[in-house]
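Asker: Before we start, here is the structure in question, set down as structure tokens.
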Amino acid sequence: MKLLRILSRAFILMAVLYAVYFVAVPTPTVSEFARQQVDNIAHQGGNLEYPDSTLIAYDAALRSNVDVLEMDVHLTRDNHLVVIHDDTVDRTTNGKGAVADYTLAELKVLDAAYWWPYHSNDDVAKQQVPVNQDFPYRGAGATIPTLDEMFQRYPHHRFTIELKDNSDELRTALIAKIDEYDRWSTILVASFYLETLQQLRQAKPQAQTYAAESEIKLFYVLQLLRLEKLYPYSIDAFAVPMTSGGLSLATPRFIQAAHNAGILVHYWTINTEADMQQLLEIGADGIMTDRPALLYQLQTGRKPVNLL
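Residue numbers (this note's numbering): 9 to 316.
Here it is, written out as structure tokens:
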């Protein structure tokens, strides 16, 4: 009889927990950043198609009808926000040194397309690039854009913006700039630094943010246990690779679990047709790619207009 009472109480407890979790716990609202289609997110404008983080690339991405422009920001010595991936100018321009050591005027004289297409991290060192190689956008007038230029040139497009360091100065400058243009509803902010994201969320509750790595790890464990609705953080989106540490994140279950928690799932950096097709089939919310024209063709069966 004692065992029966214990089992009965355990059953009642499980029933209560089930009711609380699956009935009483509401499904959070998905971020207003979401759209119905799978978002084509142009990583640095699409740096396998055009010189990355330049207006040349971002303009071309829009000709491919991308949904979201992805960019990284740094501060100049005179406190201007500029769009460039690295914290130095060496890899992409004809200059040398840290972005933070340049004034905006000094940065603007550099050729931001100088080394393209030989400036990816997988390429040989610049000094090993044959001198007879073609640099098609060298001297074409590409400069490092400011965030002001991006907001003014693309006033109605959604952006994802990554803070490239964890300084108070960079975070404060970005908040002020988004406030100035009233763009919180069209921007997702990313950072590898959890503290930076937490401080941003605290300062601006309306900010839409990606999760930091530690926040994604906790969610992964909860979704394995089918307890994703208990996820304690207010996150708008995950930016994840298809696999990490030998674990697959590109599964219908992971995406559905994220949706159960009101979270979008964007995958990076996806550059092959096979990977794009897989993510389209399993219901990804966004695909971040260096080849937005290719993704556009897969989604529509059409080539982008004026693709060079």
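Each residue gets a CB set at the ideal place from its N, CA and C atoms; glycine is no exception. Owing to the predicted nature of the structure, the values given are computational and were not obtained by experimental measurement.
1. Does the count of Cβ pairs from the stretch 164 to 182 and the stretch 71 to 87 closer than 8 Å reach three?
2. Indicate the three-state DSSP secondary structure (helix, strand or coil) for residue 122 in the structure shown.
3. Do residue 295 and residue 260 have their C-beta atoms closer together than 7 Å?
4. CA-CA distance, residue 174 and residue 204?
5. From what residue to what residue does the beta strand (DSSP E) around residue 268 run?
6. Taking the beta carbon of residue 309 as the centre, do at least 16 other beta carbons fall within 10 Å, making it buried, or is it exposed?
7. State the start and end residues of the unbroken alpha helix (DSSP H) segment that holds residue 236.
8. Measure the C-alpha to C-alpha separation of residue 71 and residue 233 and round it to an integer number of angstroms.
9. Give every residue of the same chain whose Cβ lies closer than 7 Å to the Cβ of residue 83, excluding the five residues on either side of it in the sequence, and list them in chain order.
10. Who are the Cβ neighbours of residue 299 in its own chain at under 7 Å, not counting the five residues just before and after it?
11. Between the stretch 216 to 227 and the stretch 98 to 114, do at least 3 Cβ pairs fall closer than 8 Å?
12. When the Cα of residue 301 is compared with those of 52, 59 and 68, which residue comes out closest?
13. Tell me whether residue 23 sits in a helix, a strand or coil according to DSSP, three-state version.
Answerer: Concretely, from the data shown:
1. yes
2. coil
3. no
4. 6 Å
5. Unbroken run through residue 268 is the alpha helix (DSSP H), 260 to 268; no beta strand (DSSP E).
6. exposed
7. No alpha helix (DSSP H) holds residue 236; DSSP gives it neither H nor E.
8. 43 Å
9. 89, 108, 177, 178 and 181
10. 54, 56, 57 and 279
11. no
12. 68
13. Because residue 23 sits at a pLDDT of 42, beneath the cut-off of 50, its placement in the model cannot be relied upon, and the following sentence gives the value as read from the coordinates. Residue 23 falls in the helix class under three-state DSSP.
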